[in-house]
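Peer 1:
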Amino acid sequence: MRPILAYACPVWGYAAKTNINILDTLQNSLIRMIVKAIRYMRNDHIRKALKINSFKSHIQNIAINFFNDLETKRKRKLDLTGASEMNRLYPNSRRESGNENQYLKTLPRRGEDGGRSGQTKTR
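For the sequence shown, position 4 (counting from the first letter as 1) is numbered -3 according to our numbering, and the numbering increases by one without interruption.
Here it is in structure tokens:
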């Protein structure tokens, strides 16, 4: 149940506190049903015994990890050393590489294919 509720939880940070409290209450009632806890047991004691965080703290931990990962990925530098190689390999791309004339010179012109333009291959 928790993975379904925690889906896209970095976005849950913008949810109202009442909505998160509703989800926390749902988690507490599910835990109570699974454990068959008596009525007068506190939710905190049950979660502590099972080593389960409240839903609110679980969402906060995942969101913190998500945004920390974004920060570290942003700091990594993008390696663009292969960009010139890509322009050479794909001369018909929208980028201008300056190598278009060299590429076109390598293609056979009409009538320069050794007289094979009208012939079909036989096997």
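For every residue, glycine included, the Cβ atom is placed at its ideal position computed from N, Cα and C.
With DSSP as the reference, label residue 56 as helix, strand or coil.
Peer 2: It is helical.
Peer 1: Would you tell me roughly how many angstroms separate the C-alpha atoms of residue 36 and residue -4, rounded to the nearest one?
Peer 2: Rounded to whole angstroms, residue 36 to residue -4 spans 20 Å at the Cα level.
Peer 1: Residue 26 lies in the alpha helix (DSSP H); which residues open and close that run?
Peer 2: Counting along the chain, the alpha helix (DSSP H) containing residue 26 begins and ends at 10 to 28.
Peer 1: Verify whether the separation of the beta carbon atoms of residue 17 and residue 44 is less than 7 Å.
Peer 2: Against a cut-off of 7 Å, the Cβ pair of residue 44 and residue 17 comes out as no contact.
Peer 1: Hey, residue 57 and residue 39 are a contact pair by Cβ (cut 8 Å); roughly how many whole angstroms apart?
Peer 2: That belief does not hold up - the Cβ atoms of residue 57 and residue 39 are roughly 25 Å apart, past 8 Å.
Peer 1: Going by alpha carbons, who is nearest to residue 42 out of 51, 30, 52?
Peer 2: Of the candidates 51, 30, 52, the one whose C-alpha sits nearest the C-alpha of residue 42 is 30.
Peer 1: Determine the direct distance from the alpha carbon of residue 65 to that of residue 34, and round the result to whole angstroms.
Peer 2: Computed Cα separation, rounded: 43 Å.
Peer 1: Please classify residue 45: does DSSP put it in a helix, a strand, or coil?
Peer 2: Coil.
Peer 1: Is it buried or exposed, residue 26, if we count other Cβ atoms within 10 angstroms and call 16 or more buried?
Peer 2: Classification for residue 26: exposed.
Peer 1: On the three-state DSSP scale, how would you describe residue 39?
Peer 2: Here residue 39 sits in helix by DSSP.
Peer 1: Between residue 5 and residue 13, how many whole angstroms is the CB-CB distance? I'm expecting something under 8 Å.
Peer 2: Yes, they are in contact, since the Cβ atoms of residue 5 and residue 13 sit about 7 Å apart, within 8 Å.
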